[in-house]
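S.K.:
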Amino acid sequence: MTLSVILPNFNHSHHLPLALESIFSQSLLPDEVLIIDDASTDDSVSVIKTWQNKHPQIRLLQNTVNQGPVPTINRGIQEAQSELLAFCSADDFVLPGFFKKASEFLHTHPEIGMCTGKTCHFHDHTPHLLLPDWMPFGNATQILTKDMLPQVFKKTTFFIHTNCAIHRKKHLIQFGGLNPKLKSLGDWYLNCLVALHYGVGYIPSYFGAFRLTETSYSQKLKSSEHQDGMFHSLLQDIKERNLEHLFKDVGLLSHGGIRLVLFLAKQKEYRAFFPRAFLKKCHFHFNKLFKSRQPLP
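So in the working numbering, spot 140 of the sequence shown is number 984, and the numbers just go up one at a time.
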């Protein structure tokens, strides 16, 4: 099975070398690394072309005007030439073994829609100090079928990180890619749709490291005046797909963050989603506060 990496970039020339080094250090090299530059104003394109000279798998696409992350990623999904897709961020990096382990799992289990693993994060000033995120499955590989997942989401804090998962392109196309109206929630919601319809594999290995910064796309949107519109669009899409009961019973909307949970409490038409989402959000915070998270060696 072939693998494409989709890497959107906007003005991350200083972070790109670390991201690309982690991709080309994988034990299984991708067939294609599709970098979509979103009209950067720094020297990103020059950096990318330098790497392209060393690694012919790199294919550079350039937006003539800045589109934002969602349209840029959707362009990558459409343009990618492989059966399997991995999403990488220009300011984060992937960890050894990710591509090989996840790709082999999906080859062995063709009925499963995606494969994910453990995640960790780091701060700008300490990029080599990796702090693990809590995952509820211990050290066992899991096949979480679509029938199992509602109870898994309900009883645990299992969360699918897009940049630590490999997807089948056909399923992403089936669900229309990222919904532009959902902005920073679009990738999480798409993961949920694929997982709830086709299941997900979980491998207890660290697949990716995320940079914690106040300038990230999701952090910027937390203070956006358009945030309520994003939440309304999400609830409307859930309703149109007849998934209201599932999201309500499981508390899945807790994954969208505390502002979404509080939005549910304030909006009368969505208040029935609030109780389970609030309890689940408390569950997330409990794990964050009290579960041991020693830095990775």
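Glycine included, every Cβ here is placed at the ideal spot set by N, Cα and C.
Taking the beta carbon of residue 958 as the centre, do at least 16 other beta carbons fall within 10 Å, making it buried, or is it exposed?
M.R.: With 16 or more Cβ atoms within 10 Å of its Cβ, residue 958 is classed as buried.
S.K.: Find the nearest neighbour of residue 1185 within the set 871, 967 and 983, judged by alpha-carbon distance.
M.R.: An answer regarding residue 1185 cannot be provided, because it is not within the stretch 845 to 1141 covered by the chain.
S.K.: Taking DSSP as the reference, what is the three-state secondary structure of residue 1105?
M.R.: In the structure shown, residue 1105 sits in a helix (DSSP, three-state: H, G or I).
S.K.: Which whole-angstrom value describes the C-beta separation of residue 981 and residue 975, a residue pair presumed to lie in contact below a C-beta threshold of 8 Å?
M.R.: Not quite, the Cβ-Cβ distance comes to about 19 Å (not below 8 Å), so this is no contact.
S.K.: So what does DSSP say about residue 1073, is it helix, strand or coil?
M.R.: If DSSP states are grouped into helix, strand and coil, residue 1073 belongs with the helices.
S.K.: Quick one, which of 927, 1076, 873 and 922 has its alpha-carbon nearest residue 951's?
M.R.: Closest option to residue 951, Cα to Cα, is 927.
S.K.: Checking 8 Å against the spacing of the C-beta atoms, do residue 847 and residue 942 come in under that value?
M.R.: Against a cut-off of 8 Å, the Cβ pair of residue 942 and residue 847 comes out as no contact.
S.K.: Take residue 800 and list the residues in its own chain whose beta-carbon comes closer than 7 Å to its own, dropping the five residues that flank it on each side.
M.R.: As shown, the chain starts at 845 and ends at 1141. That puts residue 800 outside it, with no answer to give.
S.K.: Leaving out five residues on either side along the sequence, give the residues of the same chain with a beta carbon under 6 Å from the beta carbon of residue 1005.
M.R.: Closer than 6 Å at the Cβ level, and outside the excluded window around residue 1005, lie 963.
S.K.: Measuring straight from C-alpha to C-alpha, what distance separates residue 1112 and residue 1106?
M.R.: The alpha-carbon atoms of residue 1112 and residue 1106 are separated by roughly 12 Å.
S.K.: Is the Cβ-Cβ distance between residue 1074 and residue 1034 less than 8 Å?
M.R.: No, they are not a contact pair.
S.K.: Closest to residue 1076 by CA distance: which of 1115, 1046 and 878 is it?
M.R.: With distances taken between Cα atoms, residue 1076 lies closest to 1115.
S.K.: What residue range does the alpha helix (DSSP H) around residue 877 cover?
M.R.: Counting along the chain, residue 877 falls outside any alpha helix (DSSP H), though it belongs to the beta strand (DSSP E) covering 876-881.
S.K.: Please determine, among 1097, 1023, 1001 and 1118, the residue with the shortest C-alpha to C-alpha distance to residue 916.
M.R.: Considering only alpha carbons, the answer is 1023.
S.K.: With a CB to CB cut of under 7 Å and the five nearest residues on each side skipped, what residues in its chain are close to residue 888?
M.R.: If we look at residue 888 and ignore the five residues flanking it on each side, its Cβ neighbours are 853, 855, 856, 857, 860 and 881.
S.K.: Quick one: what does DSSP say residue 1051 is sitting in, helix, strand or coil?
M.R.: Residue 1051 falls in the strand class under three-state DSSP.
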